[in-house]
Each structure stands twice: as C-alpha cells, then as structure tokens.
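For what it's worth, numbering that gives the first Met the number 0 labels the leading residue of the sequence shown as 0, then goes sequentially.
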Amino acid sequence: MAGTTPDLMEKIVSLCKRRGFIFPSSEIYGGFAAVYDFGPYGVELAKNIREAWWQAMVREHDNIVGLDSAIFMHPKVWEASGHVGGFSDPLAECRECHTRVRVDHLLEEAGVFADEKMSEEEINALFGENKDKIVCPKCGKKSFTDAKGFNLLVKSNLGNFTSDWTKEPTYLRGETCQGIYVNFKNVLDSSRVKVPFGIAQIGKAFRNEITARQFIFRKREFEQMEMQYFVRPETAATVYEEWRAKRFQYYLDLGLKPENLRWHEHENLVFYAKAAWDIEYRFPFGFKELEGIHNRSDYDLTQHTKFSGTDLSYRDPQTNEKYVPWIVETSVGVDRTFLAVMTDAYTEETVGENDTRIVLKFPKKLAPVQVAVFPLMKNKEELVGKARGIYEELRKSLRAEFDDNGNVGKRYRRQDEIGTPYCVTVDFDTIGLGEDTSLVDTVTIRDRDTMQQTRVKIADLKNYIGGSI
Ligand code: ATP
Numbered sequence: 000m001a002g003t004t005p006d007l008m009e010k011i012v013s014l015c016k017r018r019g020f021i022f023p024s025s026e027i028y029g030g031f032a033a034v035y036d037f038g039p040y041g042v043e044l045a046k047n048i049r050e051a052w053w054q055a056m057v058r059e060h061d062n063i064v065g066l067d068s069a070i071f072m073h074p075k076v077w078e079a080s081g082h083v084g085g086f087s088d089p090l091a092e093c094r095e096c097h098t099r100v101r102v103d104h105l106l107e108e109a110g111v112f113a114d115e116k117m118s119e120e121e122i123n124a125l126f127g128e129n130k131d132k133i134v135c136p137k138c139g140k141k142s143f144t145d146a147k148g149f150n151l152l153v154k155s156n157l158g159n160f161t162s163d164w165t166k167e168p169t170y171l172r173g174e175t176c177q178g179i180y181v182n183f184k185n186v187l188d189s190s191r192v193k194v195p196f197g198i199a200q201i202g203k204a205f206r207n208e209i210t211a212r213q214f215i216f217r218k219r220e221f222e223q224m225e226m227q228y229f230v231r232p233e234t235a236a237t238v239y240e241e242w243r244a245k246r247f248q249y250y251l252d253l254g255l256k257p258e259n260l261r262w263h264e265h266e267n268l269v270f271y272a273k274a275a276w277d278i279e280y281r282f283p284f285g286f287k288e289l290e291g292i293h294n295r296s297d298y299d300l301t302q303h304t305k306f307s308g309t310d311l312s313y314r315d316p317q318t319n320e321k322y323v324p325w326i327v328e329t330s331v332g333v334d335r336t337f338l339a340v341m342t343d344a345y346t347e348e349t350v351g352e353n354d355t356r357i358v359l360k361f362p363k364k365l366a367p368v369q370v371a372v373f374p375l376m377k378n379k380e381e382l383v384g385k386a387r388g389i390y391e392e393l394r395k396s397l398r399a400e401f402d403d404n405g406n407v408g409k410r411y412r413r414q415d416e417i418g419t420p421y422c423v424t425v426d427f428d429t430i431g432l433g434e435d436t437s438l439v440d441t442v443t444i445r446d447r448d449t450m451q452q453t454r455v456k457i458a459d460l461k462n463y464i465g466g467s468i
C-alpha cells in the first residue's frame, strides 16, 4: 500500500516488547487478541501523554473541568446513546475502510432477497454466496469479513439485585463521553461553570472490535481522552472551528512532525452530527484517525432527558432563557497517541562505518526517563557513591534512572532505545582522582540527538536539563 511502512511497524512492535513498553496481554497463555499491557517504560510514556492532554485541556482553560465517571453505568445510558439499538443485527466489516454495515442492507443493495426470519447461519451462508456482488457503500471495495450478530458493547454480568433492571445486561462503557453527559447537571449545579464550558475525562473504554490487528491502534480495551464542550446552539459552528484549530496545534506543540498530520472530513455524518473531522496521523500502515472532533448538536442531552426523565436543559443566568446546549466534542485515544509518538520518534542512524543505533527521539517532556546517571565503572566505590548521590538528587524533580550495567557505550545505546534525552557520567575527574583538578564536581552530559558530550558542574545539572524539557 502506498505510504505505508510495514517494516517500521514490525520494528516498533519488537522494540516495544524488548524494551518493556508494550506486552501482548496474557502472553504466557498465548496472548489475547487486541488486548495489550503497558510495561515499565510504556506506563511512564502513557502517563506523560495523559498529563500533557490534561494540562492543555483542563489546567490551561478557565472553563474546563475534570471528571472521572465510573466504567459501569445504568444500562439505560446505552439505550439512550443508541449503542444497544442494533444488538442482534448481523454486521460485516469492510476490510479496507472498516465500515461496519448491516448484512441485510448490503444484500438488499446487491439485489439479493434476505428473509427477515432467517437465522444468523442462514444469512451468513447467503452473504457468503453473494460476496462477489457485495460492495462497500463507503469505499467501493469488495472485501468484507463474515457476518456476525454483533454489538460493539462489551457485556458484563454485574448485578444490582435490589433494582428492577437486573434483567437488562450491564456493559463496560463503550466510550467515556456518556459519563460526561449524565453528569452535566451535577457539574453545573456544583461548580461555577456557565455555558460555554467543557468537561474533560480520561478513562478506559471497551469495544468488541471485529478487526483485531494493527497493534495498539485498535484495542478492545483502550483509553480515551475526551472533552465535551457545551455551547449555545447558534455559536456551535464557530466554536467547532476554534476547537479544530486548537487541537491541531496541540499535536504540533506536543512535538509531532507536521508532515505526519493532516485533516480528514467525514462525508457520511451520523444523522445528528453537524460536522465531523478527524485529525489523521501517518501511522506505519498509512494515514488513519488519531482524534475525532465532532459537532454533536443537542442530541446527547436531549436523548438523556428523554430516557431518564431528568431535564438537562440550561437556563442562562443573565437572560433567563432556557435551551438545550449543543456539544462540541474532541476525542482521542491514549493508545493511538502512544503509537503516533512512537512512530514519530523511531529513528535508525548509521554510526561510524557500519554500526546502527536505534533511538527514540521523543519530545523531551514525554520521554519515560529524562536523565540517566552512570558511574564510569561499576566496581569503584567512590564513582558509584557519587553517581548515586547525583541520581537521588535529580530524581526528586526529574524522571531519572541509575545505570551501572556494562560499559558506558552500551548504556548510551540502551538509553537511546528508550528515548532518554540526557545521560550523565561520573568519572575520575568528578571525584578528584583524575589529572585535571579543575574538573572536580563536574560531569559529562551527553545529548541523545546530537550525541555530543559537554562538561557541566553538578550544581548546574538540574538547570541544564530542566531548562530544555
Ligand atoms: P475508528 O473509526 O478508528 O474505529 P472511531 O471513529 O470508532 O474510530 P471514536 O468512537 O470517535 O472512534 O473514538 C474516539 C477516539 O478514540 C478515536 O479517535 C481513537 O483515538 C480512540 N479509539 C477508538 N476506538 C479505539 C480502539 N479500538 N482502540 C484504541 N483507540 C480507539
């Protein structure tokens, strides 16, 4: 496929496993499709990604507040949201563009009659027989998966034995935003926010994704960072454009390469949506959705008003006017950001004659380790003691690591592979056992990207490193 680098994907997957960023779930049992675990460095990177988003969305806005709603919600939420609707519909997914379409609709389009009373097996057989006629309504390709009676929501057997809804299945949430909608009134009544305002949330979501591939791009358990911005209906279009601009700039500020980002406008909008654009990133398998930005009209608050019987309209405190706010949503996955950051950072460089170094050129604020401290030699007590002292001081304000394994060259390579921007080495000059006594209490600091080494006073280290992160 044009624009794809499958080789790069393999290299990233392998590095993620080897260096403890991402492990396949339950690997000793043979893995568990489309579920992954973050390892020691992965968990740090994911944390920094969440932190960057929270900083930009909540801390740097006067009128956006945070929320952490539960993964379990009343089953009616998913009826109101429309997720439960097509529960028993047989669906097939286009292998090209991942559009999921009702099989009976596809057959109808192809001029094949499907009786409503057909079982899933019968309809699947019919679908199989006619596959050469089945065209994807979105991309026009003829490449569908088998049909499945399918719902994306993941069911649970959580029971509330005192309520009358025990017969209805409970779900693990399929998106975090529903928790925001159902708390709209709580936030309004308990904080000083006034329309326009936003509620932001980071949390897990679960989907029975049909296609379980492309590494952490499409997981069955993933994490979303969503912000719902409530506005006066007539301002929604303008506010939408403002958020589009802000969110694109966010990725540039995060340090992603501009040439790897682009816009994609949705042509087929869900019936209630007024506008939908994706920010796409050039993943190793091509440009794909990283973030969705949607103008959702008053759909969500209206639906929840209808299903819950609680009025979710807003009264303007100045004019006393009552209306249902419209929602502009920005929604991105932690995991997709992780993969974008990894892809952007992955670099192979030729060093010297025929040596290659793998280096993750992470933006410094996202790097799992910001500084590594080494004693030149492992078995020299004075060097080790001094290096540990420096490390223990730096780790109070920076993500630091102590490494005394192998020689310094090997340690540099190891730190390059996890994207550490700085390595500090304590040598004999540092501890006054070298030839140049003017170098006492100085160390070498090596830059990840230029590989250049500079001599810096220990007392100045924090500033030197901190100043550029
Ligand atoms: P796609 O079309 O790729 O399935 P979507 O349009 O269903 O995505 P949304 O429901 O709009 O996605 O979710 C918002 C964001 O959540 C996406 O832009 C993506 O970053 C993230 N996301 C959605 N589904 C997954 C998943 N299965 N694994 C990882 N991240 C996901």
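Note that the Cβ used here is the ideal one computed from N, Cα and C, for glycine as well.
What whole-angstrom Cβ distance do S24 and V34 have, given they're in contact under 8 Å? 4 Å
Thinking C-beta only, is Y298 closer than 8 Å to K287? no
Per DSSP, what are the beta-bridge partners of F229 in this structure? F196 and I326
I need the straight-line Cα distance from E233 to D67, nearest angstrom please. 29 Å
Closer than 7 Å to a non-hydrogen atom of ligand 1 - does that hold for the CB of K218? yes
Note down, in chain order, each residue of its chain lying with its Cβ closer than 8 Å to the Cβ of T98, except the 5 sequence neighbours on either side. E92, C135, P136, K137 and C138
Please name the residue, chosen from S307, S190, A399 and E266, that lies closest to H73 on a Cα-to-Cα basis. S307
How is the alpha helix (DSSP H) around C176 delimited, first residue to last? C176 to Y180
Just checking my contact of V439 with T429 at CB under 8 Å: how many whole Å lie between their CB atoms? 7 Å
If we require 4 or more residues per run, which alpha helix (DSSP H) segments fall completely within the region 254 to 337? 298 to 307
If we count the other Cβ atoms within 10 Å of its Cβ and call it buried at 16 or more, is S296 buried or exposed? buried
Should S330 be labelled buried (16 or more other beta-carbon atoms within 10 Å of its own) or exposed? buried
Which of the three DSSP states, helix, strand or coil, is assigned to I430? coil
Where W262 falls, given that 16 or more other Cβ within 10 Å makes a residue buried: exposed
Would you check if the distance between the CB atom of L375 and the CB atom of V340 is smaller than 8 Å? no
Within the present structure, is the beta-carbon of V327 separated from the nearest heavy atom of ligand 1 by less than 7 Å? no
If R445 and C422 are in contact, beta carbons under 8 Å, what's the gap, nearest whole angstrom? 5 Å
By the three-class DSSP mapping on this structure, what secondary structure does I357 have? strand
Using the rule of at least 16 other Cβ atoms within 10 Å of the residue's Cβ for burial, across every protein chain shown, is S478 buried or exposed? The question about residue 478 has no answer here: the residues shown for the chain are numbered 0 through 468.
Please tell me whether D310 and E222 are closer than 8 Å, where the distance is taken between their beta carbons. no
By the three-class DSSP mapping on this structure, what secondary structure does R394 have? coil
Within the continuous beta strand (DSSP E) that includes I27, where are the two ends? I27 -> no beta strand (DSSP E), and no H or E assigned at all.
Work out the CA separation of E225 and L171 for me, nearest whole Å. 17 Å
Once you ignore the five residues that flank E400 on each side, which residues in its own chain have a CB closer than 6 Å to its CB? V368 and A371
How many Å lie between G384 and R17 at the Cα? 30 Å
V238 versus D435, N294, F112 and E95, residue with shortest Cα-Cα distance: N294
What's the gap between the Cα of W77 and the Cα of G110? 33 Å
If you run the structure through DSSP and keep just helix, strand and coil, what is G408? helix
Given that a residue counts as buried once 16 or more other Cβ atoms are within 10 Å of its Cβ, and exposed if not, what is G41? buried
Please look up how many angstroms separate the CB atoms of Y411 and L300, rounded, as I've assumed it's under 8 Å. With a Cβ gap of about 55 Å, Y411 and L300 do not count as contacting.
Leaving aside the five residues before and after R398 along the sequence, list all residues of the same chain whose C-beta is less than 6 Å from its C-beta, in chain order. V368 and Q369
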